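In what follows, a single structure is set out as structure tokens and then discussed.
Number of protein chains: 4
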Amino acid sequence: MPAIRIFVTGGTFDKEYDELTGSLEFKDTHLPEMLRLGRCRIDVSIRTLMMIDSLDMTDADRELIVRHCAQSDESRIVITHGTDTMVETAAALARGVTGKTVVLTGAMIPYAFGSSDGLFNLGSAVSFAQVLPPGVYIAMNGQHSAAPITPG
Amino acid sequence: MPAIRIFVTGGTFDKEYDELTGSLEFKDTHLPEMLRLGRCRIDVSIRTLMMIDSLDMTDADRELIVRHCAQSDESRIVITHGTDTMVETAAALARGVTGKTVVLTGAMIPYAFGSSDGLFNLGSAVSFAQVLPPGVYIAMNGQHSAAPITPG
Amino acid sequence: MPAIRIFVTGGTFDKEYDELTGSLEFKDTHLPEMLRLGRCRIDVSIRTLMMIDSLDMTDADRELIVRHCAQSDESRIVITHGTDTMVETAAALARGVTGKTVVLTGAMIPYAFGSSDGLFNLGSAVSFAQVLPPGVYIAMNGQHSAAPITPG
Amino acid sequence: MPAIRIFVTGGTFDKEYDELTGSLEFKDTHLPEMLRLGRCRIDVSIRTLMMIDSLDMTDADRELIVRHCAQSDESRIVITHGTDTMVETAAALARGVTGKTVVLTGAMIPYAFGSSDGLFNLGSAVSFAQVLPPGVYIAMNGQHSAAPITPG
Chain A
1 MPAIRIFVTG GTFDKEYDEL TGSLEFKDTH LPEMLRLGRC RIDVSIRTLM
51 MIDSLDMTDA DRELIVRHCA QSDESRIVIT HGTDTMVETA AALARGVTGK
101 TVVLTGAMIP YAFGSSDGLF NLGSAVSFAQ VLPPGVYIAM NGQHSAAPIT
151 PG
Chain B
1 MPAIRIFVTG GTFDKEYDEL TGSLEFKDTH LPEMLRLGRC RIDVSIRTLM
51 MIDSLDMTDA DRELIVRHCA QSDESRIVIT HGTDTMVETA AALARGVTGK
101 TVVLTGAMIP YAFGSSDGLF NLGSAVSFAQ VLPPGVYIAM NGQHSAAPIT
151 PG
Chain C
1 MPAIRIFVTG GTFDKEYDEL TGSLEFKDTH LPEMLRLGRC RIDVSIRTLM
51 MIDSLDMTDA DRELIVRHCA QSDESRIVIT HGTDTMVETA AALARGVTGK
101 TVVLTGAMIP YAFGSSDGLF NLGSAVSFAQ VLPPGVYIAM NGQHSAAPIT
151 PG
Chain D
1 MPAIRIFVTG GTFDKEYDEL TGSLEFKDTH LPEMLRLGRC RIDVSIRTLM
51 MIDSLDMTDA DRELIVRHCA QSDESRIVIT HGTDTMVETA AALARGVTGK
101 TVVLTGAMIP YAFGSSDGLF NLGSAVSFAQ VLPPGVYIAM NGQHSAAPIT
151 PG
């Protein structure tokens with residue numbers, strides 16, 4: 001069973017309701033709880049790189065993500081990410097990471113809401129990450145697509 | 001995108017609370033609702049073969065499942081199944097179906113309960129079904145394992 | 001069994017996640033769904049007066065609420081309301097409505113989230129509305145308190 | 001604010017899914033979690049008297065419930081109870097307890113399921129218990145009804 005590295009970057013996935021402000025905010029990631037709910041037995045290590053809306057993600061943030069993926073011991077990586085700029089980050093990863101299977105996933109509805117697509121997407125992403133050949137992929141809607149290789 | 005055939009056989013996955021009897025019963029399958037919640041965009045066709053507890057599954061039931069898989073036009077198949085005898089059905093499929101990717105999955109907690117592992121497992125199963133080579137597999141806990149090939 | 005009139009004004013109660021904007025917005029009220037979930041058999045009629053954050057509620061809005069309560073045929077009224085200015089509206093009602101039992105309630109967490117206090121509060125509010133003597137009350141946290149009578 | 005005593009007897013309210021047996025069983029009561037979810041601030045003390053299906057409730061069980069209510073320091077009591085024989089227990093309480101407000105409530109769907117009526121009923125029961133005059137009542141569906149006084 002290949003070990004999987006999970007990098008958390010925020011996105012809708014991890015937003016939750018803040019009673020004080022009455023708005024959606026980031027607190028801690030829900031990934032461990034979601035993997036427990038899914039009774040996931042894969043050898044997984046989770047690291048939160050940032051907790052931001054992907055519209056607020058800068059080039060420096062993307063460099064940080066690319067660097068962590070490139071330096072990771074694990075060759076199979078899942079990244080949770082906001083959907084708005086997931087394609088840009090995937091392109092940056094496709095330019096900067098080789099020889100590893102990197103799968104980005106996200107959610108349209110926060111997990112903290114009862115009716116999120118997040119749990120389905122996470123099950124999908126960790127599965128694709130185990131069996132797809134090296135490359136950068138986006139896993140959403142039960143599908144996977146290869147990241148576009150574009151000049152940076 | 002490969003089309004996926006989903007065969008429903010029942011199992012914990014689809015059990016729900018019956019107010020009249022106060023016990024867990026089968027009504028309709030939750031698969032369409034779960035795929036909608038997961039915003040699944042794979043070309044999927046669902047057919048309910050039976051709605052039973054897998055402890056009640058007979059050899060004739062297994063033959064029916066094998067025949068439907070063997071005759072299916074789609075070469076990629078997901079089967080929802082009770083966990084108690086999932087391995088037996090996987091073995092029957094391994095003996096009777098060739099040249100197709102068949103993935104069995106199930107749940108430890110009914111989907112109708114808020115905290116089911118079913119949505120995670122379904123996301124996992126449809127993903128494995130798309131990328132694994134022909135064979136019979138069990139997808140649970142984020143993992144996949146090949147069905148044992150045993151003399152029938 | 002006395003008939004109860006329910007006036008909806010918005011508040012956290014009815015906020016839901018808008019995928020397009022990624023923020024919390026008002027769509028339709030969840031009151032009918034909540035009463036169905038609670039299997040409420042009280043003779044209830046629901047009318048949405050406004051769907052706003054109570055911080056945005058103006059004096060004109062409050063006058064509208066008071067007028068609807070004063071003119072309502074039913075002598076028992078429940079109002080769903082944002083918590084931020086619930087006390088102000090209760091005070092306005094205490095000045096403008098006599099001879100009726102008016103109960104304001106709300107929620108700290110939107111109902112659309114799985115873990116809302118809204119269903120508990122609604123059960124509480126419709127119960128207090130049936131048995132408390134005429135007056136204006138706030139029902140939150142399982143408790144009821146009379147509205148302050150203040151000069152307007 | 002009057003203190004409320006809550007006696008737990010089991011019933012659909014507290015049933016949950018047991019993975020080992022695949023059936024609905026009693027473990028611990030969900031009352032504390034439900035009161036927390038409802039952000040209940042009433043001074044409440046909870047005691048589990050039994051955890052049984054109300055169809056299995058014997059005359060001895062009912063005597064036990066009556067005795068605990070009669071001896072309770074609190075004059076306001078909520079009892080969670082299976083719906084099948086709630087009326088019988090209410091009648092026994094009406095014969096055996098005087099000078100106290102006793103409210104029985106239950107649920108048609110276990111709380112552990114996401115879509116239970118239990119939270120609504122609990123909000124209703126604790127509210128009725130605070131304001132109704134001494135007597136024995138059943139609170140379900142947002143309504144309350146007095147227990148029938150029948151010869152025991």
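Chains as they are written, first to last, in this note's numbering: chain A, 1 to 152; chain B, 1 to 152; chain C, 1 to 152; chain D, 1 to 152.
Glycine included, C-beta positions come from ideal geometry on N, C-alpha and C.
Predicted, not measured: the structure shown is a model, and the values here were computed from it.
From this set, the options, which residue's C-alpha is nearest residue i's C-alpha?
i, options, result
"A/His171", "A/Tyr111, A/Glu19, A/Ala70 and A/Ser23", "The structure shown does not extend to residue 171 of chain A, since chain A is modelled only from 1 to 152, so the question has no answer here."
"B/Ser54", "B/Leu20, B/Cys69, B/Ile46 and B/Asp84", "B/Asp84"
"B/Glu33", "B/Leu64, B/Gly118 and B/Ala70", "B/Gly118"
"C/Thr29", "C/Gln130, C/Leu64, C/Arg67 and C/Ile79", "C/Ile79"
"D/Ser75", "D/Ala92, D/Ala91, D/Val102 and D/Asp59", "D/Val102"
"C/Met50", "C/Thr58, C/Val44 and C/Asp43", "C/Thr58"
"B/Met86", "B/Asp73, B/Ala107 and B/Phe120", "B/Ala107"
"B/Thr21", "D/Val136, D/Gly96 and D/Thr12", "D/Thr12"
"B/Ala146", "B/Thr89, B/Arg5, B/Phe26 and B/Cys40", "B/Thr89"
"C/Leu104", "C/Pro133, C/Cys40, C/His144 and C/Gly38", "C/His144"
"D/Leu64", "D/Glu16, D/Gln130 and D/Val8", "D/Val8"
"A/Ala91", "A/Ala3, A/Val66 and A/Ser115", "A/Val66"
"C/Ile4", "C/Lys27, C/Leu24, C/Glu16 and C/Cys69", "C/Cys69"
"A/Phe113", "A/Lys15, A/Arg41 and A/Ile42", "A/Lys15"
"B/Met140", "B/Asn121, B/Ala129, B/Phe128 and B/Val126", "B/Asn121"
"A/Leu132", "B/Phe128, B/Gly142 and B/Pro148", "B/Phe128"
"A/Gly10", "A/Gly135, A/Asp18, A/Thr48 and A/Cys40", "A/Thr48"
"C/Leu37", "D/Ser115, D/Gly142, D/Arg39 and D/Glu25", "D/Ser115"
"A/Val136", "A/Leu93, A/Val126 and A/Ala125", "A/Leu93"
So what's residue i in DSSP terms, helix, strand or just coil?
i, result
"B/Ser124", "helix"
"D/Met1", "Confidence in D/Met1 is poor, its pLDDT being 46 and thus under 50, which makes the residue's placement unreliable; the coordinate value appears in the next sentence. Three-state DSSP puts D/Met1 in coil, outside helix and strand."
"D/Ile6", "strand"
"C/Leu104", "strand"
"B/Gly152", "Because B/Gly152 carries a pLDDT of 49, less than 50, the predicted location of this residue cannot be relied on, and the following value inherits that uncertainty. Of the three classes helix, strand and coil, the one that applies to B/Gly152 here is coil, per DSSP."
"D/Arg39", "coil"
"B/Thr89", "helix"
"A/Leu132", "coil"
"A/Phe78", "Looking at the sequence shown, residue 78 of chain A is not Phe but Val. Looking at A/Val78 - three-state DSSP - the assignment turns out to be strand."
"B/Glu25", "strand"
"B/Asp18", "strand"
"B/Val97", "coil"
"A/Gln71", "helix"
"C/Met51", "strand"
"B/Phe13", "helix"
"C/Asp84", "coil"
"C/Met34", "helix"
Residues of chain B with CB closer than 7 Å to the CB of residue i, please, in chain order.
i, result
"A/Val136", "Per Cβ cutoff of 7 Å: no residues; A/Val136 is ~15 Å from chain B at best."
Can you pull the chain C neighbours of residue i, defined as C-beta to C-beta under 8 Å?
i, result
"D/Leu122", "Phe120 and Gly123"
"A/Pro110", "Tyr17"
Residue i touches chain C at which residues, Cβ-Cβ below 7 Å?
i, result
"A/Met50", "What A/Met50 touches in chain C: nothing, since even the nearest Cβ is about 17 Å away."
"D/Leu132", "Val131"
Who pairs with residue i in a beta bridge, going by DSSP?
i, result
"B/Phe113", "D/Phe113"
"A/His144", "A/Ala139"
"C/Ile46", "C/Ile6"
Anything in chain D within Cβ reach of residue i, meaning under 8 Å, just list it in chain order.
i, result
"C/Val184", "This structure leaves residue 184 of chain C out entirely; chain C is present only between 1 and 152."
Taking Cβ-Cβ distances shorter than 7 Å, what residues in chain A pair up with residue i?
i, result
"B/Asp117", "Leu37, Gly38 and Arg39"
So which residues of chain D does residue i contact, with C-beta pairs closer than 7 Å?
i, result
"B/Thr12", "Gly22"
At 9 Å on the CB atoms, spell out the chain C contacts of residue i, in chain order.
i, result
"A/Phe113", "Glu16, Tyr17, Pro110, Ala112, Phe113 and Gly114"
(request) Output, in sequence order along the chain, the residues in the stretch 29-61 of chain B whose CB is closer than 9 Å to any CB in chain A. (result) From the stretch 29-61 of chain B, only Met34, Leu35, Leu37, Gly38, Arg39, Cys40, Arg41, Ile42 and Val44 have a Cβ closer than 9 Å to chain A.
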